[in-house]
Amino acid sequence: MPNPYFRFKQFAIYHDKCAMKVGVDGVTLGAWADIAGAKSILDVGCGSGLIALMLAQRSAAKITAIDIDEQSIVQAEENVKNSPWRDRISILHHSFQDFAAITSESFDLIVSNPPFFVNSLKTPSQARTTARHNDSLSHADIIQNAKKCMKKSGRLCLILPILEGNQFVDSAEKEGLFCSKKISLFPNPTKPAKRFLLEFRFEQAACEESDLTIEKERNVYTAEYEDIVKDFYLYL
Numbered sequence: 009m010p011n012p013y014f015r016f017k018q019f020a021i022y023h024d025k026c027a028m029k030v031g032v033d034g035v036t037l038g039a040w041a042d043i044a045g046a047k048s049i050l051d052v053g054c055g056s057g058l059i060a061l062m063l064a065q066r067s068a069a070k071i072t073a074i075d076i077d078e079q080s081i082v083q084a085e086e087n088v089k090n091s092p093w094r095d096r097i098s099i100l101h102h103s104f105q106d107f108a109a110i111t112s113e114s115f116d117l118i119v120s121n122p123p124f125f126v127n128s129l130k131t132p133s134q135a136r137t138t139a140r141h142n143d144s145l146s147h148a149d150i151i152q153n154a155k156k157c158m159k160k161s162g163r164l165c166l167i168l169p170i171l172e173g174n175q176f177v178d179s180a181e182k183e184g185l186f187c188s189k190k191i192s193l194f195p196n197p198t199k200p201a202k203r204f205l206l207e208f209r210f211e212q213a214a215c216e217e218s219d220l221t222i223e224k225e226r227n228v229y230t231a232e233y234e235d236i237v238k239d240f241y242l243y244l
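The sequence shown begins at 9 in this note's numbering and counts up one residue at a time.
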């Protein structure tokens, strides 16, 4: 039976009730997203609350985390309640579309590890399907609602597969959100990049592009990746 929780240095994530478990994508985004000057953060599609808790550990910001899945909300509330940052994190059962329509708040940073399968076969579990496929949160939804909720000086940070990432960059630019950072994330030195870490701003400027490799050999992180996640993973 799989372990119902994943322990980090300063908190634990129970993920037995929600569709998407703790994984490299979420951990990497939560450790990488630029928190400089951020006093308000929005986590879209928060799942278990992993990224919200990581950002709470890294910053003094007030964090709002939203998800459309009821069981994910229950799980995230439990994880936040048992963390040192319960007073700074609000968990809300909303779609991004509904939240953007009712909120009066604007955010310094919006983060999302969003659904990304556009045309692939659906998984048997409805919750996992929602978490992995973008029917309920399309690229256009993210872009339009991020524009509504983001401060003029704010940032939007995402992790996406390569194909979907390039499509998102093109779509965002047409709507006035410009890619300011693009990191190609490689699993190891022998495999092609599988993900982009992406940052967007309203201001158009040259996009900083770089590469990041996770493992130099099986179960051994590169020094660059270890430096990003060392405050979270045990034994680093």
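A virtual CB, placed ideally from N, CA and C, is assigned to each residue, including glycine. For clarity, every value in this text was computed on a predicted model and none was experimentally measured.
Requested in this report: With 7 angstroms as the threshold, decide whether the Cβ of N196 is near any Cβ in chain D.
Outcome: The structure shown contains no chain D, having only a single protein chain.
Requested in this report: Rounded to whole angstroms, what's the CA-CA distance from I43 to R66? Just pull it up for me.
Outcome: Cα to Cα, the separation comes out at about 8 angstroms.
Requested in this report: Leaving out five residues on either side along the sequence, give the residues of the same chain with a beta carbon under 7 angstroms from the beta carbon of H102.
Outcome: Here the set comprises I74.
Query raised in the report: What residues in its chain sit with their C-beta under 8 angstroms from that of L242, if we drop five residues either side in the sequence?
Result: Beyond the five residues adjoining it in sequence on each side, L242 comes within less than 8 angstroms, by CB distance, of R15, F16 and K17 in the same chain, given in chain order.
Query raised in the report: In terms of residue numbering, what span does the alpha helix (DSSP H) encompassing V88 cover?
Result: Element bounds for V88: E78 to K89.
Requested in this report: Can you give me the Cβ contacts of A20 inside the same chain, cut-off strictly under 6 angstroms, excluding the 5 residues immediately before and after it?
Outcome: Sequence-distant partners of A20 (beyond 5 residues in either direction) whose C-beta falls short of 6 angstroms from its own C-beta, in its chain, are Y13.
Report task. Starting from M62, trace the alpha helix (DSSP H) both ways and give me its first and last residue. Result -> Bounds of the alpha helix (DSSP H) holding M62 are L58 to R66.
Requested in this report: Can you grab the Cα-Cα spacing for the pair N227 / V237, in whole Å?
Outcome: Rounded to the nearest angstrom, the two C-alpha atoms are 14 angstroms apart.
Report task. Using only alpha-carbon positions, find the residue among A41, C54 and W40 that is nearest to V30. Result -> Comparing C-alpha distances from V30 to each of A41, C54 and W40 shows the shortest one belongs to C54.
Query - Close-in-space but distant-in-sequence residues of the same chain around K70 (CB under 6 angstroms, 5 per side omitted) - result: So the list reads S48 and R96, once near-sequence residues are dropped.
Report task. Quick one: residues in its chain with C-beta nearer than 6 angstroms to the C-beta of K159, no 5 flanking neighbours on either side, listed in chain order? Result -> Hits under 6 angstroms: S114 and D116.
Query - Pairwise C-alpha distance: D239 and A64 - result: Take the alpha-carbon of A64 and the one of D239: they are about 12 angstroms apart.
Query - Straight-line gap, L171 to C165 (C-alpha atoms, nearest Å) - result: Between L171 and C165, the C-alpha separation is close to 17 angstroms.
Query raised in the report: Among the residues of its own chain, which have a CB less than 6 angstroms from the CB of S218, if the five just before and after it don't count?
Result: So the list reads I191, once near-sequence residues are dropped.
Query raised in the report: What is the residue span of the beta strand (DSSP E) that D219 lies within?
Result: Element bounds for D219: E216 to T221.
Query raised in the report: Among the residues of its own chain, which have a CB less than 7 angstroms from the CB of I59, if the five just before and after it don't count?
Result: For I59, where only same-chain residues beyond five positions count, the Cβ hits under 7 angstroms are G34, L37, G38, D51, V119 and N121.
**Report entry** Of the listed residues K199, G184, P200 and L193, nearest to L206 (C-alpha basis)
**Finding:** Here the closest residue by C-alpha is L193.
Query raised in the report: Is the CB-CB distance between S56 and A84 below 7 angstroms?
Result: Result yes, Cβ atoms of S56 and A84 sit closer than 7 angstroms.
Report task. Report the rounded CA-to-CA distance for G184 versus K202, giving the unit in angstroms. Result -> Looking at the two C-alpha atoms, the distance is approximately 26 angstroms.
Query raised in the report: For P333, which of A154, H147 and K182 has the nearest alpha-carbon?
Result: Outside the modelled stretch of the chain, which goes from 9 to 244, sits residue 333, for which no answer is possible.
Query - Proximity to C215 [Cα-Cα], best of K189, L61, A231 and L244 - result: The shortest C-alpha separation from C215 is found at K189.
Query raised in the report: Which one or two residues does DSSP pair with I74 in a beta bridge?
Result: V52 and L100.
Query raised in the report: Quick one, which of N174, E78, N153 and E211 has its alpha-carbon nearest I110's?
Result: For I110, the nearest C-alpha among the options comes from N153.
Query raised in the report: Which residues share a DSSP beta bridge with L191?
Result: Reading off the sequence, residue 191 comes out as Ile, not Leu. Answer is L205 and S218, bridged to I191.
Query raised in the report: Just reading off the beta strand (DSSP E) that N116 is part of, what are its end residues?
Result: The sequence given here places Asp at residue 116; Asn does not occur at that position. That run of the beta strand (DSSP E) goes F115 to S120.
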